[in-house]
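At position 45 of the sequence shown the residue is numbered 239 (my numbering), and the sequence of numbers has no breaks. Here a beta-carbon is modelled for each residue, glycine too, at the ideal position from N, C-alpha and C. Just so we're clear, the structure is a prediction, and the values are computed from it rather than from any experiment.
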Amino acid sequence: MTSMKTDLISVKKSFSLSAKALAIQLLKNEEVVAIPTETVYGLAACFNSLVAQKKIYEAKGRPGDNPLIVHIPDASMAKEFIDEIPASFHLLAKAFWPGPITIILKRKKSLSKDLCAGLDTIALRVPKNKVAMDIMRGLKEPLVAPSANLSGKPSPTTAGDVYEDLNGKIPLILDGGPSTIGIESTVVNLSSDHPEILRPGAVTKEEIEAVLGCSVPYAVKNISPGVKYRHYAPNARLILCKEAGDHPNSRILSYEGNSRGINFNASTLYASLREADRDKIDLIYLLTDDRLSENVALMNRIEKAVQN
Ligand code: TXA
Ligand code: MG
């Protein structure tokens with residue numbers, strides 16, 4: 195892949211209008227642009243451009259069978275993709291959108307079969323971020339966007355993280371400040387008879403069950419192609435343990451409120467892993483903690499990072 199110049203532009207600067215306009219122009223020209231969302235930064239392309247979507251897979255080194263989430267500005271747009279919208283969709287959308295939940299539904303057969311990695315389902319999300327929203331409204335088109343990291347790395351929660359991974363591979367990164375949530379959206383499958391959670395996130399199982407009025411289990415047989423891949427891993431080896439050892443060039447990470455090591459929480463876990471890599475740490479001792487164990491979404495990401 196040939197290298198290109200990557201611009202990193204803050205949307206907070208006085209030329210913010212032109213930054214978003216530039217992003218819209220590039221997207222219209224079938225380019226990819228990294229944009230902030232409330233969960234993590236996304237690498238966006240126009241829904242209607244398969245050319246641009248191919249560029250997403252190339253820039254990230256993403257396996258071709260892993261489908262992209264379609265970001266829409268408003269739940270009412272779902273009818274463009276879905277023939278029969280279940281009542282449970284309306285309940286979740288009303289309760290949690292805009293926000294960190296992605297809903298999987300059966301998609302219209304008339305849509306190009308090359309979309310959604312060839313699956314007969316589609317993943318929809320309305321993000322809660324003004325920059326992402328302004329761009330979708332300016333384009334008048336949905337945006338497909340995976341997290342804007344190299345495949346296998348921790349997701350990016352700042353524009354600098356995106357630059358670290360994708361400098362030279364994409365033309366533009368819009369800096370909208372750090373992501374407020376810091377881990378990826380909860381993914382809920384409504385494409386089969388019983389709703390289930392494919393990926394835990396900031397919207398919890400209990401919150402989803404309260405809205406749907408039924409039990410919503412974590413999927414036993416997970417239909418998300420993404421979950422089988424190496425994920426969220428720093429270069430350093432990560433060990434989950436009660437007590438830290440004395441390995442040289444190691445670092446202790448602990449959940450907020452724990453007096454040992456460097457503290458993290460949901461919004462700073464990925465940043466802490468990336469920081470350890472920048473500091474060329476070989477081994478991270480991540481301390482177990484009862485409060486941390488209760489955070490299903492955080493533990494899911496940590497356990498995947500440990501496996502590698
Ligand atoms: O918070 C987020 O969801 C971020 C921001 C940018 O929106 N995006 C994100 O995208 O995390 P990505 O591509 O890193 O993760 C999407 C997950 C993957 O595990 C993928 O396999 C799954 O959603 N997914 C997408 N479409 C699917 C479908 N039709 N059926 C099952 N799983 C699907
Ligand atoms: Mg990802």
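Which class does residue i belong to by DSSP, given the choice of helix, strand or coil?
i, result
"G236", "strand"
"S444", "strand"
"C310", "helix"
May I ask you to check if the CB of residue i is nearer than 7 angstroms to at least one heavy atom of ligand 1?
i, result
"V226", "no"
"V234", "yes"
"E450", "no"
"L262", "yes"
"E274", "no"
Relative to ligand 2, is the shortest distance from any of its heavy atoms to the C-beta of residue i smaller than 7 angstroms?
i, result
"E497", "no"
"E400", "no"
"E378", "yes"
"P340", "yes"
If you draw a straight line from the C-alpha of residue i to the C-alpha of residue j, how long is it?
i, j, result
"N443", "N361", "28 angstroms"
"K436", "D483", "8 angstroms"
"G439", "R319", "42 angstroms"
"L463", "L492", "8 angstroms"
"A396", "N383", "16 angstroms"
"K303", "R445", "51 angstroms"
"V205", "D387", "43 angstroms"
"P321", "A465", "21 angstroms"
To which residues of the same chain is residue i closer than 6 angstroms at the C-beta, ignoring the five residues directly before and after it?
i, result
"A239", "V226, A246, Q247, I250, V338"
Using a Cβ-Cβ cutoff of less than 8 angstroms, which residues in the same chain neighbour residue i once the five nearest sequence positions on both sides are dropped?
i, result
"P365", "M198, K199, T200, D201, L220, E225, V226, V227"
Taking the CB atoms as reference points, tell me whether residue i and residue j lie closer together than 8 angstroms.
i, j, result
"G376", "S461", "yes"
"G312", "I218", "no"
"L305", "T315", "no"
"Y235", "S373", "yes"
"V496", "L477", "Checking the sequence, you will find Ile at residue 496 rather than Val. Contact: no."
Within a Cβ cutoff of 7 angstroms, which residues of the same chain sit near residue i, ignoring the five residues on either side of it in sequence?
i, result
"D328", "K214"
"Y357", "T200, L202, I367"
"S487", "M493"
Does ligand 3 have a heavy atom nearer than 7 angstroms to the CB of residue i?
i, result
"L480", "Inclusion of ligand 3 in the displayed structure is not the case, the ligand content consisting of ligand 1 and ligand 2 alone."
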